[in-house]
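Take a look at the structure set out below.
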Amino acid sequence: MGLSGQQRKKLQEALINAFPNMASLEQMLSFELNRNLRAIAPEGSLQQIVFVLIQAADSQGWTEDLIRAACTSNPGNRLLKTTAQELLTNQEEQMLNREIIPAAEEKQKGKFWALLVGVNHYDDRNIKQLEFCVNDVQALQRNLTKLDYEVFCLHDGLNDKDAPTRRNVKTKLNILSQSLQPNDLLWVHFSCHGTLTPETKEPVLILKDTESSLLDDESEVLSVAQVESYMRKSGSHKLILTLDACHSGVNIGRDVIDQQEFFENVHQKAEGFVLLAAATANQKAYEDGENGIFTHFLLQGLNSQKVRENKNFITVYQLYSYVLNELRKWGVQNSRLQFPTQRIEGLGDIILAYYAENIVKLNENPVNKTTGSESNSVQNLKRKSQIKSMKSPREQLRLQEELEDLLEEQEASKKQYRSTIDEAERVRLKRKLDNLDSQITELEGQINDI
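Just so you know, we're using UniProt numbering here: the sequence shown kicks off at 1 and counts up by one.
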């Protein structure tokens with residue numbers, strides 16, 4: 001439902017007014033929602049427990065159920081009734097915006113980009129290996145490519161340049177952040193372990209080369225906040241981050257990772273874009289079959305006409321709602337709890353993808369009767385322009401990656417040149433620097449021409 005701080009405070013006051021003691025609050029949750037208050041908020045004052053209850057309901061997507069259950073249990077409480085009417089009316093208005101805004105966005109849609117990162121195998125032996133993260137990424141790549149995404153992958157099955165290391169992820173994020181336009185969409189997905197730094201409790205993603213002994217060294221880890229920062233630099237107004245993290249515990253020489261802290265910190269630090277995570281605060285994300293369960297239902301939702309209500313696009317809210325519902329059913333069938341959490345800020349609902357079966361293709365447009373059919377030369381020019389437009393983003397990123405490597409090599413050579421006193425070595429390094437300058441200039445020209 002996505003309550004603001006002020007709305008949470010109003011709901012807290014209304015619930016305490018309607019249920020002034022623990023017994024009445026426990027009874028309402030048990031009878032109306034079949035939920036155990038002690039499992040949600042084990043201890044604290046009534047005010048603290050209600051605060052935690054609202055937080056849990058808001059992050060797990062059952063705030064509306066909580067409000068309606070409270071009104072059913074105590075229909076005569078005026079403050080509760082007034083608060084419920086206000087909050088539920090706001091929710092209906094938001095739902096209306098979700099219907100209106102995508103239609104407006106469709107007329108000015110930008111490009112779709114995705115960076116998918118999957119890590120099964122870790123260099124650090126203290127970190128447990130995973131099975132299906134690479135499958136997650138490969139399956140998402142196939143689906144998103146069909147939906148006209150420009151997809152970039154980093155996972156164990158690729159060469160060293162595309163291995164899921166911290167340096168490679170940061171390089172890709174940096175390059176993507178320089179390539180997007182304001183109306184483009186960027187979707188970044190991680191299937192890997194996640195944990196908190198021991199000292200600062202910063203949520204971090206465990207990549208192939210992460211060392212468990214260096215989690216507090218910012219230069220050696222990739223935090224969720226760093227990923228968000230790279231995404232924000234792009235200037236895009238449509239940023240999606242999905243985390244199928246914490247498939248299982250990471251042995252880092254201390255207790256099993258506190259999943260509640262990890263997900264609470266992730267969501268507290270996310271604002272201004274959509275973040276979907278695989279599990280609620282006190283749950284673990286599971287693997288089953290060939291994918292993480294969260295990613296499995298993401299894929300199903302992307303391929304379902306029913307989820308997008310037979311429209312030619314699917315939105316974040318539609319996909320999240322489907323995944324939440326399917327995970328609930330899966331949990332009942334398998335006696336396991338896993339509900340995704342979400343943080344969606346801003347007005348309206350972001351479109352994740354368009355579907356070709358509902359879109360008229362360019363070459364199927366009727367010919368203008370007054371001008372007749374276009375000449376072959378004009379059609380050829382249009383076709384070449386379309387081909388160039390399709391290839392340009394990937395080619396631009398490839399060239400920018402080469403440029404980044406050359407700039408790093410240039411910087412290292414400059415340091416060597418400044419530090420060496422051997423004249424022959426200085427001559428060799430000077431030639432190398434001149435050659436690097438020429439290559440960099442040429443690459444910059446090619447990038448500008450795209």
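Virtual Cβ for every residue (Gly too), placed ideally from N, Cα, C.
**Message:** Once the 5 residues before and after V307 are set aside, which same chain residues still bring their CB inside 6 Å of it?
**Reply:** G301, Q318, Y322
**Request:** Classify Q446 as buried or exposed, calling it buried when 16 or more other Cβ atoms lie within 10 Å of its own Cβ.
**Result:** exposed
**Prompt:** In whole angstroms, what is the alpha-carbon distance linking Q27 and W62?
**Reply:** 18 Å
**Message:** For a quick check, are the C-beta atoms of L185 and I240 less than 8 Å apart?
**Reply:** yes
**Request:** Drop a sphere of 10 angstroms on the beta-carbon of L407, count the other beta-carbons inside from all chains shown, and report buried for 16 or more, exposed for fewer.
**Result:** exposed
**Prompt:** Can you tell me whether DSSP reads residue 452 as helix, strand or coil?
**Reply:** Nothing can be reported for residue 452: it is not among the residues displayed for the chain, which extend from 1 to 450.
**Item:** Sheet register partners of G118 (DSSP bridge)
**Value:** H155, S191
**Three CB pairs or more closer than 8 Å across the stretch 20-38 and the stretch 62-73** = yes
**Prompt:** Rounded to whole angstroms, how far is the Cβ of K170 from the Cβ of L222, which I believe are closer than 8 Å?
**Reply:** 7 Å
**Sequence-distant residues of its chain with Cβ nearer than 6 Å to L53 (five each side left out)** = I40, A41
**Message:** If you follow the alpha helix (DSSP H) that I40 is in, where does it begin and where does it stop?
**Reply:** 37-40
**Request:** Have a look at E228 and E218 and give me their C-alpha separation to the nearest angstrom.
**Result:** 15 Å
**Spatial distance of F190 from N312 (CA atoms)** = 27 Å
**Request:** Determine the contact status of T315 and I351, defining contact as a CB-CB distance below 8 Å.
**Result:** yes
**Request:** On the DSSP bridge assignment, give the partners of L185 in chain order.
**Result:** F112, K238
**Prompt:** Can you tell me where the alpha helix (DSSP H) with L53 in it begins and where it stops?
**Reply:** 46-60
**Prompt:** What's the call for E442, buried or exposed, on a 16-neighbour Cβ count within 10 Å?
**Reply:** exposed
**Item:** Sheet register partners of L429 (DSSP bridge)
**Value:** The partner list for L429 (beta bridge, DSSP) is empty, contrary to what the question assumes.
**Prompt:** What first and last residue would you give for the alpha helix (DSSP H) that runs through I293?
**Reply:** 293-302
**Item:** Close beta carbons around I49, own chain, < 6 Å, minus the five adjacent residues each side
**Value:** A41
**Message:** Can you find the residues in the same chain that come closer than 6 Å, C-beta to C-beta, to K238, ignoring five residues on each side of it along the sequence?
**Reply:** L185, I350
**Request:** Please go through the same chain and pick out, in chain order, the residues whose beta-carbon is closer than 6 Å to the beta-carbon of A114, but skip the five residues on each side of it.
**Result:** L144, Y149, V151, W187
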